[in-house]
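K.L.:
Residues 524 to 693 (our numbering) are what the sequence shown spells out, left to right. The C-beta atom is built at its ideal place from N, Cα and C for all residues, glycine as well.
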Amino acid sequence: MSEFSASYHLQTSDQQKAVELIRASNNKGFVFPESNGWVTFIVKGPAFGIRKAIVSLNPGLLVHYSYMEDHGWALSFFEKDTMISTYKCDWTEELIIEKDEFDIVLLKELIIKQGNSIEDLEKALDLAEYVGEEPPAYFIANKLGLSYFEWLSADNIGDGSYYKNLVIVD
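1) Looking at Asn581: is its Cβ nearer than 9 Å to the Cβ of Lys567?
2) Considering Cα atoms alone, identify which of Ile680, Ala597, Tyr590 is closest to Thr609.
3) On the three-pair Cβ rule with 8 Å, is the stretch 672–686 touching the stretch 533–543?
4) Which same chain residues end up closer than 6 Å to Ala570 when comparing Cβ atoms and leaving out the 5 residues on each side of it in sequence?
5) So, for Leu629: in the same chain, excluding its five sequence neighbours on each side, which residues have a beta-carbon less than 8 Å away from its beta-carbon?
6) Considering Cα atoms alone, identify which of Leu585, Ile641, Ala651, Gly681 is closest to Thr605.
7) For Thr606, list the residues DSSP reports as bridge partners.
8) Thinking C-beta only, is Lys551 closer than 9 Å to Gly693?
9) Go ahead and label Gly595 buried or exposed: buried means 16 or more other beta carbons lie within 10 angstroms of its beta carbon, across all protein chains shown.
10) What residue range is occupied by the uninterrupted beta strand (DSSP E) comprising Glu543?
11) Cβ of Ile635 versus every heavy atom of the ligand FAD: is any distance shorter than 8 Å?
12) Under 7 Å Cβ to Cβ from Glu663, same chain only, skipping five residues before and after it: list those, please.
Structural data, given as structure tokens:
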């Protein structure tokens with residue numbers, strides 16, 4: 524079975540901010556504990572696509588991560604309600620990388636802020652010379668300090684009981 528993952532990551536140390544964001548947007552979901560300055564959350568409903576209601580109420584820096592093992596991956600950054608950077612890579616039929624609206628400087632700054640190296644970053648984004656053992660999407664997510672992203676979406680989280688310290692927003 525192929526992995527399909529989609530999650531939001533709010534830059535905050537306060538898990539409650541993600542809970543409030545989900546509630547204020549009239550959604551339901553799951554909020555993970557803070558890790559490395561990020562609070563990961565999943566919104567119930569269709570797993571893929573970026574929810575306008577979430578972005579319109581975003582209180583700070585928000586990342587939307589999606590990974591479809593057999594198709595590609597994407598990473599979008601929002602400052603409040605404005606998309607400030609987006610990257611998409613599709614390999615369904617042929618390799619197509621969309622990075623016209625991608626801010627590599629922002630990504631590098633966030634990675635360095637985590638205390639991680641930016642070595643091989645551009646190779647992972649271009650795929651041509653990337654030889655890492657993990658998928659490029661994982662490589663970037665790990666560099667950003669995201670802890671919860673693998674096999675994670677509204678479609679596969681179930682009732683959330685598998686995860687510790689998860690807040691369920693109903």
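P.N.:
Reading from the atomic positions:
1) no
2) Ala597
3) no
4) Ala529, Ser676, Ala677, Asp678
5) Phe600, Ile607, Ser608
6) Leu585
7) A small fix is needed here, since residue 606 is Met in this sequence, not Thr. Answer is Phe601.
8) At residue 693 the sequence reads Asp, which differs from the Gly that was named. Taking 9 Å as the Cβ cut-off, Asp693 and Lys551 qualify as a contacting pair.
9) buried
10) First-last for Glu543: 538–547, but that is the alpha helix (DSSP H), not the beta strand (DSSP E).
11) The ligand FAD is not part of the structure shown, which contains no ligands of any sort.
12) According to the sequence provided, residue 663 is Ile. The question's Glu does not apply to it. Closer than 7 Å at the Cβ level, and outside the excluded window around Ile663, lie Leu598, Ala647.
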